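Trainee: Before anything else, here's the structure in question.
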Amino acid sequence: MISSRYSSLSRIFVFILIGLFWPIYTWAQSSLLTPNSLSDYYVDTWTSTEGLPHNSINAIAQTQDGYLWFATWEGVARYNGLEFRLFDRNPDTHMLDSGTRALVSAEDNSLWVGGARGSLSLRTGFTWHQQPVAPSMVNHVLIDQFGNQWLAIEGQGVVRRQLNSDGSYSENVWVLENTSAYRLVQNTSNKIFAATEKGLFRLSDSSAERIETSSFEKVYYLSLAQNGELFLGTNRGAWRFDGNELTLIEPSMDKTVVTVVEQDTDGNIWFGTINKGLARLSDGVLEFLDASRGLPNNRVLSWYQDIEGSIWVGTNGGLIRLRNAPFMSITQDKGLVGNYVRTLLPIEDDVFLAGSSNGLSLIKQDTAQPAIKSDVSLSVLSLANASDGGVWVGTYQQGLMHWNSGIVEPIVTDKQGLPTNEVRAILEDTQHNLWIGTPFGLVKKQPDGALLHFTQQNGLSDDYVMALAEDELGHIWIGTGVGVGFWDGDKFINIDLDKLEQSQYAFGFYLEKGYVWIATDRGIVRYRQSDQSIALVGRPQGLPIDKFFQIQKDNDGYFWLSSNRGIWKIDANRAHQVADKEESNIIFEHFDETDGMASSQANGGSNPASAKLSNGAIYFATAKGVAAIHPNNLYKLSRNPLPVVLQSVRFDSDAINPDLQHFVPAGTSRVSISYVGLGYVMSQRIQYRTKLEGFDYDWSERRSSRTAEFTNLHPGHYKFLVSARYPYGSWTEAKILYEFDVEPLFWQRKDVIVFIILSIVALIGSGVFWRIQMLKRSAMYLKQQVELQTQELRSQAEMFEKLSHEDELTGVANRRAFDLQLKQRFGMAKQSGEVLHVAVLDIDHFKLINDKYSHLVGDHAIVEVVNVLRSYIDSDTLLARWGGEEFTLLFNHSESDIYLERLRAAIEAHNFDNVALQLRITVSIGVSSSEFIEDYEDLLKLADHALLNAKRNGRNRVERISL
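Read in the UniProt record's numbering, the sequence shown has 553 at position 553, and its numbers run on one by one without any break.
Okay, here's the thing in structure tokens:
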């Protein structure tokens, strides 16, 4: 029986709640930029491969706790932002069939689930409540303002059930019969309408009135517009109904079968169609998203906008989400003349230039257009502001040029004194000298037009110049392929980066008062002007990669770093603390394609490859357009309060219903509590902390872990609290998710404890004397046993030490010994510059030997192969049995391929008749070298890949993979 939660007073309470939380809802909608077009959305897709029970998404709902629910033909899937949980036909759910068609969320965090065979269930919290069975499949459920239940039934019509005072429902009252009813809507005037195969009906408590029209025959969908009008999806387009008149929403779709029509919080109208995909009408512009552009299937079944503003669309082929990602990409689809962007330069408050391999683009309000009026073909490498209001343009093949108001003119090329036409960096300093960085040195063009060419012979750290900057002291900083330095007016002063993890490439600079930050191939380096000291923030300090191209600082004090593997965000103050050794590690946040970047490969071989506009937006040049981040929008999202819910509670291995059970049985050794923060835009980045009052004195940081376990809790009362946040955001207010009492065991009761203590005291006195005598008698015996055991243990230890490093069958080193040697020698080789080689050797078709001769002969064959290897290899080569018929070799021969080829030939030529008559054995060998490899495990992986190539290419051969 259901309580009277659906009374009119409860309805009023719900409306009050909506009024209180609507500002939070609308604020969440505006927390990110509203996409101008469908292509601006970031699209996520799920199918049965990603955890959905079925690819047809019949309905979508979000309950008050924040969970998203999806109805499919194989059950209801609940989504928490990270994983799906399936609820299907079983005694707990009271579903008659797993096939579900209707999902409707209601007050008290409840969810109505209707589906095949008249199945109808109600879930509230963790508990499912059985409902009276409907006559046929339930397509939709409506709970009216009085708590009465209305059901849209397949093939039969609409039934109403009156809510009784005890919470039960009365018998069925047929309001509409002999038709398939698909959807029910109650408007702001509390009028109820039904979408059916016979058109639109207005319903009363016991009868139905058809809204007469010849414009369409079938109505598949109903929803309410923001102004209270009714939206209809029909077999002939989408219509609006104001209570008196029907009008087409979009005349161009008058022949389209519309299965869904909804209005989002920004006023856009969305259409789902039966075979043309999804459409959006925004400011009079109609756009389509179909299977050719990422929709799983062109038949749209359901639509929902969640409280974060994301659009969820269910199709016959899976589920998609259209969301506002942290990053937005500006590509050729938005007017860029070329996607491979190398350099960016702000020229006005909200306008900047983007140079690419295809030319120069002008970008304003995230929309691009060609920046050059004439038909000039340019491959742009670098940009810099000119004092005359124009822009200096460095090209790949045409030297230095000047751009102003769409006109580009040549300035200087190799014919006028440049060492090459490839210009990778430009700087006009405060004295109006023009510095030009090329792969063949640095050129200074003085105001009088004179050119001075500097190379390594003049003190430059390297001829390949990639970055230029001027600090507040007037120093001209030069980043090159082998180091960094600055021009102090009459000479170059180079900074030794070699001691900082052997840094070499200096890709870019970020200048702040008193400091110069340098993006290098070993992290970011800080140079302090006051004492000329340098410090690294790189892999040893916690950054996961080495190479960074550009550094930008946002308005909230965070550095944004570009790389070949996405964009990284770190706290600038903490970076200073790490550089000063006040902190040992840096905390980072990573962004890539999953966050809206068209490509995570940023560019940085020329400058500037990033830009920050006056509105705080930061842009990065990438291999596929310009990646844009508005940090303020990201911070708004991170400060948005996260709903945190209890997912499950287990006592030992038994799952319990936390709504019903709050006592932990005596003797329970482990209490496991699972929880989750229901944020869907950045679900993977949500962080947690927990506190168990009665056990913890302070918060326990859980990072991204969503389970807390407590073992051997003492009897008592406990409260489990959870707080969550996005990285760099504020913690949500602590919420008590579960309260429970641990019951004591018999011996943990106070009266029992007192009795036990007294008994122990009595026994201790009587047992002390006996114990002393026993100890004396045992002392001599134990002394003898210790001597015997010591000798025995010494022998066993010697044997175990040998077995831990030696293969029992062949006597050569085993896998563990080889791993230890490889790791040690790899580290020594990296320090000394020595090149190591690893070979993986596999006996060809060894299974055939076992099958033909027996496994015993196979073992003899392995031993004989080892004998051949031992007779061939020298003392510096480490031979090990890797497993089965596989062996590994570690050596440093300069002619490794010849060495291995001879070894292979020796085995092929060897006579194995002593093992089995006419037995011939060949081997396949894969080899790799340590040169250019940073991790010893990668050396072994490459050799293994080479072995696979040897097998694919016919076996009995040596193959190598090199970087």
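Where is the CB? At the ideal position from N, CA and C, for every residue including glycine.
The structure displayed is predicted, hence computed values, not measured ones.
Going by beta-carbon coordinates alone, are V537 and I524 separated by less than 8 Å?
Mentor: Walking along the sequence shown from the start, residue 537 turns up at place 537. Walking along the sequence shown from the start, residue 524 turns up at place 524. Their beta carbons are under 8 Å apart, which means V537 touches I524 by this criterion.
Trainee: Restricting to Cα atoms, I'd like to know which of S121, A572, K445 is closest to V138.
Mentor: Taking the sequence shown and counting its residues from 1, the one referred to as residue 138 is at position 138. Ranking S121, A572, K445 by Cα distance to V138 puts S121 first.
Trainee: Pick helix, strand or coil for I757, following the three-state DSSP scheme.
Mentor: Taking the first residue of the sequence shown as 1, we reach residue 757 at position 757. Helix at I757.
Trainee: For L452, which residues in the same chain have their Cβ closer than 6 Å to its Cβ, ignoring the five residues on either side in sequence?
Mentor: As a first step, residue 452 must be located in the sequence shown, where it is residue number 452. In its chain, beyond the 5 residues on either side, K444 have a beta carbon closer than 6 Å to the beta carbon of L452.
Trainee: Determine the direct distance from the alpha carbon of F70 to that of A623, and round the result to whole angstroms.
Mentor: In the sequence shown, the residue the question calls residue 623 occupies position 623. In the sequence shown, the residue the question calls residue 70 occupies position 70. When rounded, the distance between both Cα atoms is 37 Å.
Trainee: Note down the Cα distance separating I495 from D488, rounded to an integer number of angstroms.
Mentor: Numbered from its first residue, the sequence shown carries residue 495 at position 495. Numbered from its first residue, the sequence shown carries residue 488 at position 488. Those two C-alpha atoms are separated by around 13 Å.
Trainee: Can you check which of these residues, S110, G309, R101, is closest to W128 by C-alpha distance?
Mentor: Your numbering for residue 128 matches position 128 in the sequence shown. Minimum Cα distance to W128 is reached at S110.
Trainee: Whole angstroms is fine: what's the gap from N358's alpha carbon to W435's?
Mentor: Mapped onto the sequence shown, residue 358 falls at position 358. Mapped onto the sequence shown, residue 435 falls at position 435. Approximately 24 Å between the Cα atoms of the pair.
Trainee: Give every residue of the same chain whose Cβ lies closer than 7 Å to the Cβ of Y25, excluding the five residues on either side of it in the sequence, and list them in chain order.
Mentor: Taking the first residue of the sequence shown as 1, we reach residue 25 at position 25. With a pLDDT of only 37 at Y25, under 50, the local geometry of the prediction cannot be trusted, and the value read off the model is given with reservation. Same-chain partners within the cutoff: I307.
Trainee: Is it the case that the Cβ atoms of S930 and L947 are separated by a distance below 8 Å?
Mentor: Your numbering for residue 930 matches position 930 in the sequence shown. Your numbering for residue 947 matches position 947 in the sequence shown. The answer is no: Cβ separation not under 8 Å.
Trainee: Apart from the five residues just before and just after E83, which ones in its own chain have a Cβ nearer than 8 Å to its Cβ?
Mentor: If you number the sequence shown from 1, residue 83 lands on position 83. Here the set comprises G51.
Trainee: Assuming Q824 is part of the alpha helix (DSSP H), what are its boundary residues?
Mentor: Taking the first residue of the sequence shown as position 1, residue 824 is located at position 824. Residues 815 to 832.
Trainee: Check this for me: beta carbons of L418 and G394, under 8 Å apart or not?
Mentor: As a working note, residue 418 is residue 418 in the sequence shown. As a working note, residue 394 is residue 394 in the sequence shown. Taking 8 Å as the cut-off, the Cβ atoms of L418 and G394 do not count as close.
Trainee: If we require 4 or more residues per run, which alpha helix (DSSP H) segments fall completely within the UniProt domain "GGDEF" (834 to 963)?
Mentor: 846 to 853, 855 to 872, 896 to 909, 936 to 952
Trainee: On the DSSP bridge assignment, give the partners of E177 in chain order.
Mentor: Working through the sequence shown from its first residue, we reach residue 177 at position 177. Answer is G157, bridged to E177.
Trainee: When the Cα atoms are used, what is the spatial distance from N80 to D462?
Mentor: Mapped onto the sequence shown, residue 80 falls at position 80. Mapped onto the sequence shown, residue 462 falls at position 462. Taking the straight line joining both Cα atoms gives about 53 Å.
Trainee: Quickly, what does DSSP pair N404 with across the bridge? List them, please.
Mentor: Within the sequence shown, residue 404 is the residue found at index 404, counting from 1. Answer by DSSP bridge pairing, in chain order: I407.
Trainee: In this structure, how does DSSP classify L281 when only helix, strand and coil are distinguished?
Mentor: One-based indexing of the sequence shown puts residue 281 at position 281. L281 falls in the strand class under three-state DSSP.
Trainee: Quick one: Cα of P727 to Cα of S894, how far?
Mentor: Counting from one through the sequence shown, the residue named residue 727 turns up at place 727. Counting from one through the sequence shown, the residue named residue 894 turns up at place 894. Approximately 50 Å between the Cα atoms of the pair.
Trainee: Determine, using beta carbons only, whether P608 and L820 come nearer to each other than 8 Å.
Mentor: Locating residue 608 in the sequence shown gives position 608, counting from the first residue. Locating residue 820 in the sequence shown gives position 820, counting from the first residue. Cβ atoms of P608 and L820: not closer than 8 Å.
Trainee: Judging by CA-CA distance, which residue of G272, W312, I570 is the nearest neighbour of Y680?
Mentor: Against the sequence shown, residue 680 aligns to sequence position 680. Taking only the C-alpha atoms, the option nearest Y680 is W312.
Trainee: With a cut-off of 8 Å on the beta carbons, I'd call V835 and L940 a contact; round off their distance for me.
Mentor: Reading the sequence shown from its first residue, position 835 is the one you call residue 835. Reading the sequence shown from its first residue, position 940 is the one you call residue 940. Between L940 and V835 the Cβ distance is about 15 Å, and since that is not below 8 Å, they are no contact.
Trainee: From this set, P296, G314, S204, which residue's C-alpha is nearest W270's C-alpha?
Mentor: In the sequence shown, the residue the question calls residue 270 occupies position 270. Here the closest residue by C-alpha is G314.
Trainee: Can you give me the C-alpha to C-alpha distance between L295 and S562, rounded to a whole angstrom?
Mentor: To locate residue 295, count along the sequence shown from 1; it is residue 295. To locate residue 562, count along the sequence shown from 1; it is residue 562. Using only the alpha carbons, I get a separation of about 31 Å.
Trainee: In terms of residue numbering, what span does the alpha helix (DSSP H) encompassing V578 cover?
Mentor: For this step, residue 578 is matched to residue 578 along the sequence shown. Counting along the chain, the alpha helix (DSSP H) containing V578 begins and ends at 572 to 579.
Trainee: By Cβ distance below 8 Å, which residues in the same chain neighbour N385 in space, the five residues on each side in sequence not counted?
Mentor: Translated into the one-based positions of the sequence shown, residue 385 becomes position 385. Its chain contains L345, I347, V391, W392, E428 as the residues whose beta carbon lies nearer than 8 Å to that of N385, once the 5 sequence neighbours on both sides are disregarded; these appear in chain order.
Trainee: Between L613 and the rest of its own chain, which residues show a CB-CB distance below 8 Å, the 5 nearest in sequence each way excluded?
Mentor: On the sequence shown, residue 613 is found 613 positions in, with the first residue counted as 1. Correct list, in chain order: P346, D349, D350, F352, Y619.
Trainee: Tell me the DSSP secondary structure of S252 in three-state form.
Mentor: Position 252 of the sequence shown holds residue 252. DSSP places S252 in helix when its eight states are reduced to three.
Trainee: Do N573 and G557 have their CB atoms nearer than 8 Å?
Mentor: Residue 573 sits at position 573 when you count from the first residue of the sequence shown. Residue 557 sits at position 557 when you count from the first residue of the sequence shown. In this structure, G557 lies closer than 8 Å to N573 by Cβ.
Trainee: If you reduce the DSSP assignment to three classes, tell me which class L713 lands in.
Mentor: Here residue 713 refers to the residue found at position 713 of the sequence shown. In the displayed model, L713 falls within coil according to three-state DSSP, outside both helix and strand.
Trainee: For I656, which residues of its own chain have a beta-carbon under 6 Å away from its beta-carbon, when the five flanking residues on both sides are left out?
Mentor: The residue given as residue 656 occupies position 656 in the sequence shown. Result list for I656: V649, in chain order.
Trainee: Check whether the Cβ atoms of Q550 and G508 sit closer than 8 Å, and answer yes or no.
Mentor: Position 550 of the sequence shown, counting from 1, holds the residue named residue 550. Position 508 of the sequence shown, counting from 1, holds the residue named residue 508. Yes; because the gap between Cβ atoms is below 8 Å, this pair is in contact.
Trainee: Do S136 and Q156 have their C-beta atoms within less than 8 Å of each other?
Mentor: Looking up residue 136 in the sequence shown gives position 136. Looking up residue 156 in the sequence shown gives position 156. Cβ atoms of S136 and Q156: closer than 8 Å.
Trainee: Is N139 helix, strand or coil by DSSP?
Mentor: What you label residue 139 is simply residue 139 of the sequence shown in a count that begins at 1. N139 falls in the strand class under three-state DSSP.
Trainee: With DSSP as the reference, label Q64 as helix, strand or coil.
Mentor: Taking the sequence shown and counting its residues from 1, one reaches residue 64 at position 64. Three-state result, Q64: coil.
Trainee: Give the straight-line distance between the Cα atoms of K719 and T668, rounded to the nearest whole angstrom.
Mentor: Stepping through the sequence shown from its first residue, residue 719 is reached at position 719. Stepping through the sequence shown from its first residue, residue 668 is reached at position 668. The straight-line gap from Cα to Cα measures roughly 17 Å.
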